[in-house]
Amino acid sequence: MRIESPLCLYTDVVPPEWIDYNGHMNVAYYVLAFDHATDAFMDYLGMGQNYRDSRHCSAFVVETHVNYQRELVAGDPMRVTTQLLGFDSKRIHHFHRLYHADKGFVSATTELMVIHVDMTERHSMAMPLPVLDRLSALMAAHIQLPQPPQSGRVMGVRAKTPTSQPGTPTLRWLSR
């Protein structure tokens, strides 16, 4: 069976209620769209609602990094792709790209780490072999994809080096 590389499991249209006072999709709704894509990804892996109900296990997001690149507005069609970046017995590292479905530009990306959780004990535990097998097959298909440039980034403000040119502001750190 051929596996789509990357996967495309979630599409939608930006509803008017997702628009903020700047006239574009609010940041919270980008996260919601990515959450819907993550739910679709968990369904694809066999870890959807039936899995939660029968096994009393789920996947919790433990870290996410979102990059906003171009705005979407009400009525814009969305398409989210999913790329598996890595996994182990308890964790899944994946990446979503949110596209304008007609114009083809990337609107936003997110990198996520999820952990498999026993819902009864509320602690992490290894995923069952069928899920690990699906992840292995998906990794084999996605290993050839380039690493997204937005993945693995560290956020911070770089200190600027002072210049000796007159009139150029210098950064100063205030101490108490």
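Just so you know, we're using my numbering here: the sequence shown kicks off at 1 and counts up by one.
Note that the Cβ used here is the ideal one computed from N, Cα and C, for glycine as well.
Please state if the CB of residue j and the CB of residue i are separated by a distance shorter than 8 Å.
i, j, result
"residue 78", "residue 13", "yes"
"residue 9", "residue 134", "no"
"residue 6", "residue 64", "no"
"residue 70", "residue 107", "yes"
"residue 138", "residue 61", "no"
Quick check on the burial criterion: 16 or more other C-beta atoms within 10 angstroms. Buried or exposed for residue i?
i, result
"residue 176", "No answer about residue 176 holds up, because its pLDDT of 47 lies below 50 and its placement is not dependable."
"residue 102", "exposed"
"residue 95", "buried"
"residue 85", "buried"
"residue 51", "buried"
The beta strand (DSSP E) that contains residue i, what's its start and end?
i, result
"residue 89", "Looking at the DSSP string, residue 89 is not in any beta strand (DSSP E), and its letter there is neither H nor E."
"residue 5", "First-last for residue 5: undefined, no H or E at that position."
"residue 106", "106-118"
"residue 68", "57-68"
Let me check one thing: in DSSP terms, what residues is residue i bridge-paired to?
i, result
"residue 84", "94"
What span of residues does the alpha helix (DSSP H) with residue i cover, start to end?
i, result
"residue 36", "27-44"
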